[in-house]
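One line per chain: the protein sequences are A and B, in this order.
Counting from 433, one number per residue, gives the positions in the first sequence under the numbering used here.
Counting from 7, one number per residue, gives the positions in the second sequence under the numbering used here.
The beta-carbon is built from N, C-alpha and C at its ideal position, and this holds for glycine as well.
Worksheet: one structure, shown below.
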Amino acid sequence: MLKALGRYTAVIVYCIYLFLCYHLLVLGAFADWSWYSFILVPIVFILFWLVPREQRKAAVVYTLLFIFFDQALYRVRWMETHWYILNAIFIGLVIYPIGRWYAKLKLMPITLALVVAFTLNTLLPDRMAQGLSHLWPMAVTKQLYVGELKDPFPFTLADIDGDHKDEIITIGNTDQPARIVRIDDRTFEVEDVQFTLFVYEWDKGLKRIPAEAMDASRVKQLVPQEYVGFPYYILTDDLKLQPLVIRQELAESMTQFGTAPFRALVMNAENIRQLLEQTGGVYDRVEQTGRFTDLVLAAGRLSGSYDGQPFEVDSDATEIIGAIQLGEGRQGLIVKGMNISLYELLDGNLTETHVLTRAMQPNLAQSQIMITDVNHNGIEEMMIAFPYTIILEPGDDGVWKILWGTRERSFRVETMMNQGTGSETLLAMQKSVVRASDTNYLTGFTYTDEGLQRKWKVFLPGVVRAIAGDLDGDGRDEIVMTRTDNHKLYIWTPHRIPVIEILSGLTVLLAVGLAVLRLRRWRHAK
Amino acid sequence: MPSKITDYMLSISKRWRMFAAGTAVTTMLLTAGCTYPSEVTEFTAVAAATDTAAFDARELLEHAIEVTDTDEEAQSYWYTGYVKNNIGRRTTTSMYDGIVYRPGDAYLVNGRVATRQYRYFHFGDQSYISRGSNWFRGEPERMLPFDPLRGFSDWLPFMDEAVKLADSSVLSTPTDVIQVQLDAREWVEQAPSDLFDELREELQDDETLQHLLENTIVKMTLWIGKPDAPKQASYILQYSTWFVMPLPGGGYFDQETFFRFYQHDDPSIESQLSSPERIEKYVLDARFEQVDPASAEVESE
């Protein structure tokens, strides 16, 4: 009895070990396509070769069977738990006879493999296991949007109640049940167009702040305008996602091929004018950034004041990025239009001292800009986070000094973590250095004068947007992220457990153990 | 006994030397910090100006419209196209592809708008649209006359400013490439298109709109089959229009509207678009009716 219990425990431990190795060592290696993946296959072969011959087949089949269970359960999508369990049992019933017939595996180990795979996939859904190498999952929200749009919705972190902890602010439509439409005797679900605010705080766990407990109109302003579905949809001020097109009309008008761009312009103009109507014709407005106040961009003019000194200049800009420290207590202002301009108040006039044009930087129109001081010299840098990341420091004589830049389009800076502290980390999405695929993964870098030094990389698939902020008030930032296709928010905290090293070590130990076993038998036989 | 252990150790080291080395290399490769050095040391140089050899773009386009409209072999073809919007991190693409059969006044659109897919059939005065796996009748009042060449002639007033780009080819047919660049205000004011009527009128005394359009760059490129090409001579084969447009609080966004026309006179098109009967079988003839979620739960059981 006790022996059986010990054997079952060993089987469970082996399954967990397999699960972690598969997601963190094997998939990681192939995702990054590092050189390691080339020797991975021989290593696996050697490991199985070390298993005594009479057990080898069973070991190989059992290992593959567990991985199959894991893959199968990951792909099963059922909202209700009982359906998920039923599916798991069905998968088990199909696989058991194969394992039994081919490798004479017993019922109990196969059941345990299924139970372990089921438990781990329930605890760590959506391949969260692949983040475990450097991140610890703190929470996952429920699905915030039900409908046909695939792109995640915008979210941000901000301290809205002044408790020195960031709250997560986003929008979703799952507060309302989906509308149901009937045609003949069939019923269909139609998504709700009314969105509501979803604000979460960390209070010994992730808690949603009810709408009554916050100033909804102020919080709504904080939701980043990311033009979801532009120009076919518009998110109105009262958070309704309204379509501006009817599919039939679109099909009918698109096939008058020559008119397509004419219609496109009309639709863009309509969408932009609706946006401008909501703001009274103002392109962008910032109450305060650094020493600049009351900044307004409207009808081709930029106005505001610096230290209370008013200014107004012509500008084709449409977005105010913010104030930038220029050293010696001076501050400049960065605005983005066709080009990106840095203004400074000189002799009472707002003067454009630096400009980055479309010819200098590709795809400038799409760029996302962050202001940071990566080299800690008191002069802040302008970082084009995406596309073609470049870190520029405003130098003398209107020259931008290039601190770091890449020509890789798939590279994208997401956020600065623990900004200004000793553990400052630049979070970016980086593809494999060796592999040609553009699939990129979340990577933590430290800035050095030689380049960006990689601290860690997690092979979590489908990260769309990651923002760092201190949610629990412990002085260290957590990472909040959205991922493709599921409209949930994932909250992670970086840990310092050397997971990869431990797993590699365990594998070496396993190999040594098997080798000793084999050697003993070999000597015994001699 | 000690010799036994030594023997043992030795035998291990002999056998597994390679293995141990491999493991060590693995661990090193996996845990070593990599530095990503800067790839950019200077800004990109300004692109060279395009060739503006003298040519009559207006005549080229006029002729192409006429040929594409009337040539017997240009009456059925495949098309593929998209409207791609780049705003910051987001790219919203709508895609259209399908087939056209002008003698039957028929076409098919496989569309995808902001990740939502649908299919649309147009047959004379009948139309059908799919939602999921169900087909519904299109609304007759939303149907437009099928005129695939409409709109091309609205570019004629701007052809004096057009430039000729290097010859190119569209799916192996050699083409002339013409391009014109202007601002959207000029475009709206001078294009004879009635689609702009409303916008043109509002532009008179709307400063916000004036500013918006003045700051919008329009760049249109047309690929027209070479007059001496063996097939598709003087056909409009590819059509791309770029906008760079100011977006409140979002810098400027890029938008490309693109269409390509190919496989003209493919005999399979006629059979695919012969009659609407194939779809008729699947059409759900019914009105939408919203039901109370609570009662629907009971009924769907």
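Within the segment 670–689 of chain A, the residues whose Cβ lies closer than 8 Å to any Cβ of chain B are, in chain order, V677, I678, R679, Q680, E681, L682, A683, E684, S685, M686, T687, Q688, F689. With three or more CB-CB distances shorter than 8 Å, the segment 888–898 of chain A counts as touching the segment 864–878 of chain A.
Between Y102 (chain B) and M815 (chain A), the C-beta spacing is not below 8 Å.
Counting only Cβ-Cβ distances below 7 Å, R695 (chain A) has contacts in chain B at L201, in chain order. Apart from the 5 residues on each side of it in sequence, L290 (chain B) sits with its Cβ closer than 7 Å to the Cβ of N140, W141, F142 in its chain, given in chain order. Assigned with DSSP and collapsed to three states, V865 (chain A) falls in coil, not helix or strand.
Taking 8 Å as the CB threshold, L171 (chain B) stays off the interface with chain A. Using a CB distance cut-off of 8 Å, P569 (chain A) does not count as an interface residue toward chain B.
The count of Cβ pairs closer than 8 Å, one atom from the segment 565–573 of chain A and one from the segment 919–926 of chain A, reaches three, so the stretches are in contact.
Using a Cβ-Cβ cut-off of 8 Å, E147 (chain B) does not count as an interface residue toward chain A, since no Cβ of chain A sits closer than that to its own. Exposure of F477 (chain A) is indicated by the presence of fewer than 16 other C-beta atoms within 10 angstroms of its C-beta.
The bridge partners DSSP lists for S133 (chain B) are B:H128. Under the DSSP definition of a beta bridge, K90 (chain B) partners with B:T99, B:E262.
In the structure shown, Q210 (chain B) falls within a coil segment according to DSSP collapsed to helix, strand and coil.
Under the Cβ distance rule, Q261 (chain B) counts among the residues neighbouring chain A, one pair being separated by less than 8 Å. Counting along the chain, the unbroken alpha helix (DSSP H) around L479 (chain A) starts and ends at 468–482.
Annotation: the continuous beta strand (DSSP E) that includes F877 (chain A) extends over 872–880. Between the alpha carbons of K435 (chain A) and M540 (chain A) lies a distance of about 14 Å.
Three or more beta-carbon pairs drawn from the segment 758–767 of chain A and the segment 803–814 of chain A are found closer than 8 Å, and the two stretches are therefore classed as touching.
Within the segment 160–217 of chain B, the complete alpha helix (DSSP H) segments of 4 residues or longer fall at 190–196, 203–209, listed in chain order. Distance from A590 (chain A) to L654 (chain A) at the Cβ level is roughly 5 Å; contact confirmed, criterion being Cβ atoms closer than 8 Å. Taking CB atoms only, P826 (chain A) has no neighbour in chain B less than 8 Å away.
In this chain, the beta strand (DSSP E) harbouring W568 (chain A) covers 567–572.
Taking a 10 Å sphere around the C-beta of Q626 (chain A), we find fewer than 16 other C-beta atoms and assign the residue as exposed. If you draw a 10 Å sphere on the C-beta of N703 (chain A), you find 16 or more other C-beta atoms in it, and that means buried.
Under the Cβ criterion of 8 Å, L188 (chain B) is not counted among the residues facing chain A. Legend: CB atoms of the segment 710–744 of chain A lying less than 7 Å from CB atoms of chain B belong to residues T711, G713, Y715, D716, A731, G732. The DSSP-derived three-state label of Y449 (chain A) is helix. For N807 (chain A), the nearest beta carbon of chain B is not closer than 8 Å to its own beta carbon. Proximity to G690 (chain A) across B:L155, B:I242, B:E192 peaks at B:L155, based on C-alpha coordinates.
Assigned with DSSP and collapsed to three states, P693 (chain A) falls in helix. Using a C-beta cut-off of 8 Å, the segment 79–86 of chain B makes contact with the segment 258–271 of chain B, since at least three inter-stretch Cβ pairs fall below that distance.
Inclusion of I71 (chain B) and S178 (chain B) in the CB contact set at 8 Å is not warranted, their separation being larger than that value. Setting aside the 5 residues that flank it on each side, D624 (chain A) is surrounded in the same chain by N605, Q608, A610, R611, each with a C-beta closer than 7 Å to its C-beta; the list follows chain order.
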